[in-house]
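Undergrad:
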Amino acid sequence: MSHQAMTDDYALVSQVLEGDVQAFRLLIRQHERLVAHMIGRLVKNNEEREELCQDVFLKVHEKLSEFSFQSRLSTWIATIAYRHAINWMRKQKIPMYDLMHEEHAGAFFVESENPETLLSDQDMNAFVLTLVDALPPQYKAILTLYHVEAMSYAEIGQVTNLPEGTVKSYLFRARNLLKEKVKQYIGKEELL
Amino acid sequence: MNAYEEEMQKNVEGGKPVHGDDADARSYRQVFGALKQEPDFVLPLAFADRVAQKVMQKQSARIATREYIWFGLGAVLLLAAFITAVVVTNFKFSLGVFSALKSNEGLLIFGVLFIGLLHFVDKRFIRSKTAGT
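Just so you know, the sequences run in chain order A and B. In terms of the working numbering, the first sequence opens at residue 1 and continues consecutively. In terms of the working numbering, the second sequence opens at residue 193 and continues consecutively.
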């Protein structure tokens, strides 16, 4: 963590802990994109998303005195958002499988055997993101933190409570599965 | 992890030339491009204000609860002190001077009602008028 980032985090946290509401507003504005990305990727229910984001920041305010500056503030907030989303999904009884077990790997993906359906789907990015949506939550979180938030393996490990090696292999595996599906898609498009 | 695939992922991510299956490289480029896209969910502009307001509401509710607890505790302690004082001093309750009023119950009730009426008139007609000026 850079010295500047740590100083900024320290100053902001101190102000919030002193009861400065304006500082808390600033903290929210600085991190709302990160929280919205995490919740937006993990939770598909539109009505619940905003409320979950709100709960995350209320929890951040409540637990801020426990923040020990061992990581960046954004990593700590992402951890709260990730855990909050996972707990919500558990309460909703949304299954969370592991793609590392081969037998589950294919089951999560949208079946795209009909080439006509494929041709109607013009936007490749949208197609890939639909596939991402079908991944288990840990994978979605890792992909989002790495590719959208540009977090390091170590930071993602802190957020997801997974060892760095596992983060790396989940990332590799998820991208590999996505690539295979895209390859199929491109192959079928070229045949037609 | 498959070394060939891992190498390819690293090269595509780093924008380096890729050796091997071209379809794989193309597919990886598509995947990496799509993964960089931000999720479409965006929070409303007033989100920070709304959360800050909730925090303030929670804080004032907490302060109110704390005040109620202190008030309740104070009342209990006062009662306990009163009972202790009565027990320790062996205090006997006596109506004293008020026993003379026993024969004038009607006068007492009139007095209480009259004072109550004065307060009502004061609050309803006098204070509300002066507050308006």
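For each residue, glycine too, the CB sits at the ideal point set by N, CA and C. The structure presented is a predicted model; accordingly, all values stated were derived computationally and were not measured.
Should the region 43-60 of chain A be called in touch with the region 246-254 of chain B, which here means at least 3 C-beta pairs below 8 angstroms?
TA: yes
Undergrad: What number of angstroms, rounded off, separates the C-alpha of R41 (chain A) from the C-alpha of L12 (chain A)?
TA: Stepping through the first sequence from its first residue, residue 41 (chain A) is reached at position 41. Stepping through the first sequence from its first residue, residue 12 (chain A) is reached at position 12. Approximately 27 angstroms, taken between the alpha carbons.
Undergrad: Along chain A, which residues have their Cβ under 8 angstroms away from the Cβ of P148 (chain B)?
TA: Here chain B covers residues 193 to 325 and nothing more, so residue 148 (chain B) does not appear.
Undergrad: Output the distance between the C-alpha atoms of I261 (chain B) and F24 (chain A), rounded to the nearest integer angstrom.
TA: Counted from its first residue, the second sequence places residue 261 (chain B) at position 69. Counted from its first residue, the first sequence places residue 24 (chain A) at position 24. A straight-line Cα-Cα distance of about 28 angstroms links I261 (chain B) and F24 (chain A).
Undergrad: Find the residues of chain A that neighbour S219 (chain B), judging by a C-beta separation of less than 7 angstroms, and give them in chain order.
TA: Taking the first residue of the second sequence as 1, we reach residue 219 (chain B) at position 27. The answer, in chain order, is K179, V182, K183 and I186.
Undergrad: Please report the straight-line C-alpha distance between A134 (chain A) and A256 (chain B), rounded to a whole angstrom.
TA: Within the first sequence, residue 134 (chain A) is the residue found at index 134, counting from 1. Within the second sequence, residue 256 (chain B) is the residue found at index 64, counting from 1. Roughly 47 angstroms between the two C-alpha positions.
Undergrad: Sorted by chain position, which residues of the same chain lie with C-beta nearer than 7 angstroms to D216 (chain B)'s C-beta, five sequence neighbours on each side aside?
TA: To locate residue 216 (chain B), count along the second sequence from 1; it is residue 24. Once the five neighbours on either side are set aside, the close Cβ partners of D216 (chain B) are M200.
Undergrad: In three-state terms, what does DSSP make of V43 (chain A)?
TA: Against the first sequence, residue 43 (chain A) aligns to sequence position 43. The answer is coil: DSSP assigns V43 (chain A) none of H, G, I, E or B.
Undergrad: Have a look at K315 (chain B) and L299 (chain B) and give me their C-alpha separation to the nearest angstrom.
TA: The residue you call residue 315 (chain B) lines up with position 123 of the second sequence. The residue you call residue 299 (chain B) lines up with position 107 of the second sequence. Using only the alpha carbons, I get a separation of about 24 angstroms.
Undergrad: Is DSSP giving S286 (chain B) helix, strand or coil here?
TA: Stepping through the second sequence from its first residue, residue 286 (chain B) is reached at position 94. Three-state result, S286 (chain B): coil.
Undergrad: Alpha carbon to alpha carbon, how far is E197 (chain B) from E18 (chain A)?
TA: For the purposes of this step, residue 197 (chain B) is identified with residue 5 of the second sequence, where counting begins at 1. For the purposes of this step, residue 18 (chain A) is identified with residue 18 of the first sequence, where counting begins at 1. Computed Cα separation, rounded: 51 angstroms.
Undergrad: At a CB distance below 7 angstroms, what residues from the region 18-36 of chain A approach chain B? Give them in sequence order.
TA: V21, F24, R25, I28, R29, E32 and A36
Undergrad: Measure the alpha-carbon distance for H31 (chain A) versus L143 (chain A) and round it to whole angstroms.
TA: For the purposes of this step, residue 31 (chain A) is identified with residue 31 of the first sequence, where counting begins at 1. For the purposes of this step, residue 143 (chain A) is identified with residue 143 of the first sequence, where counting begins at 1. Computed Cα separation, rounded: 18 angstroms.
Undergrad: Which of the three DSSP states, helix, strand or coil, is assigned to L135 (chain A)?
TA: Indexing the first sequence from 1 puts residue 135 (chain A) at position 135. For L135 (chain A), the three-state secondary structure derived from DSSP is coil.
Undergrad: Got a sec: is the Cβ-Cβ distance from V279 (chain B) to anything in chain A below 9 angstroms?
TA: The residue given as residue 279 (chain B) occupies position 87 in the second sequence. Answer no: the Cβ-Cβ gap between V279 (chain B) and chain A never drops below 9 angstroms.
Undergrad: DSSP three-state label for L72 (chain A), please.
TA: Looking up residue 72 (chain A) in the first sequence gives position 72. Strictly speaking, residue 72 (chain A) in this sequence is Arg, with Leu absent from that position. Here R72 (chain A) carries a coil assignment [DSSP, helix/strand/coil].
Undergrad: Check the Cβ of E50 (chain A) against every Cβ in chain B and list those closer than 7 angstroms, keeping chain order.
TA: Counted from its first residue, the first sequence places residue 50 (chain A) at position 50. Ordered by position in chain B, the residues that pass the 7 angstroms Cβ test against E50 (chain A) are L235.
Undergrad: Excluding the 5 residues preceding and the 5 following L64 (chain A) in the sequence, name in chain order all residues of the same chain whose CB lies nearer than 7 angstroms to its CB.
TA: Reading the first sequence from its first residue, position 64 is the one you call residue 64 (chain A). For L64 (chain A), where only same-chain residues beyond five positions count, the Cβ hits under 7 angstroms are V13, V16 and L17.
Undergrad: Counting only beta-carbon atoms, is F57 (chain A) nearer than 9 angstroms to chain B?
TA: Position 57 of the first sequence, counting from 1, holds the residue named residue 57 (chain A). Yes - at least one Cβ of chain B is within 9 angstroms of the one on F57 (chain A).
Undergrad: What residues from chain B crowd round F67 (chain A), counting only those whose CB sits closer than 8 angstroms?
TA: Indexing the first sequence from 1 puts residue 67 (chain A) at position 67. Against F67 (chain A), chain B offers no close residue; the least beta-carbon distance is about 16 angstroms (beta-carbon pairs closer than 8 angstroms).
Undergrad: Using CA coordinates, which residue listed in B:D241, B:P236 and B:V280 is at the minimum distance from E50 (chain A)?
TA: One-based indexing of the first sequence puts residue 50 (chain A) at position 50. Closest option to E50 (chain A), Cα to Cα, is B:P236.
Undergrad: Comparing C-alpha positions only, which one of B:G207, B:V204 and B:R218 sits nearest to G187 (chain A)?
TA: Here residue 187 (chain A) refers to the residue found at position 187 when the first sequence is read from its first residue. Considering only B:G207, B:V204 and B:R218, the residue with the shortest C-alpha distance to G187 (chain A) is B:R218.
Undergrad: With a threshold of 16 other CB atoms inside 10 Å of the CB of D232 (chain B), please say whether the residue is buried or exposed.
TA: By 1-based counting over the second sequence, the position of residue 232 (chain B) is 40. By the neighbour-count rule (16 or more Cβ atoms within 10 Å), D232 (chain B) is not buried but exposed.
Undergrad: Going straight from the alpha carbon of A226 (chain B) to that of A36 (chain A), what length do you get?
TA: The residue given as residue 226 (chain B) occupies position 34 in the second sequence. The residue given as residue 36 (chain A) occupies position 36 in the first sequence. If you take the alpha carbons of A226 (chain B) and A36 (chain A), they lie about 18 angstroms apart.
Undergrad: Residues of chain A with CB under 8 angstroms from F239 (chain B), in chain order?
TA: The sequence position of residue 239 (chain B) within the second sequence is 47, counting from 1. Those are I28, E32, E50, C53 and Q54, listed as they occur along chain A.
Undergrad: With a 10 Å radius around its C-beta and 16 neighbouring C-beta atoms as the bar for buried, classify V167 (chain A) as buried or exposed.
TA: Residue mapping note: residue 167 (chain A) aligns to position 167 of the first sequence, counting from 1. Buried is the call here.
Undergrad: What separation, rounded to the nearest whole angstrom, lies between the Cα atoms of Q229 (chain B) and T7 (chain A)?
TA: Position 37 of the second sequence holds residue 229 (chain B). Position 7 of the first sequence holds residue 7 (chain A). Rounded to the nearest angstrom, the two C-alpha atoms are 30 angstroms apart.
Undergrad: Using three-state DSSP, classify S219 (chain B) as helix, strand or coil.
TA: Position 27 of the second sequence, counted from the start, is the residue given in the question as residue 219 (chain B). S219 (chain B) falls in the helix class under three-state DSSP.
Undergrad: Taking the CB atoms as reference points, tell me whether Q174 (chain A) and Y139 (chain A) lie closer together than 9 angstroms.
TA: Here the question's residue 174 (chain A) lines up with position 174 in the first sequence. Here the question's residue 139 (chain A) lines up with position 139 in the first sequence. For clarity, residue 174 (chain A) is Ala in the given sequence; the question names Gln instead. In this structure, Y139 (chain A) lies closer than 9 angstroms to A174 (chain A) by Cβ.
Undergrad: Between N231 (chain A) and Q22 (chain A), what straight-line distance do the alpha-carbon atoms span, to the nearest angstrom?
TA: Any question about residue 231 (chain A) goes unanswered here, given that chain A covers just 1 to 192.
Undergrad: Output yes or no for whether 9 angstroms exceeds the beta carbon distance between M151 (chain A) and A81 (chain A).
TA: Looking up residue 151 (chain A) in the first sequence gives position 151. Looking up residue 81 (chain A) in the first sequence gives position 81. No, they are not a contact pair.
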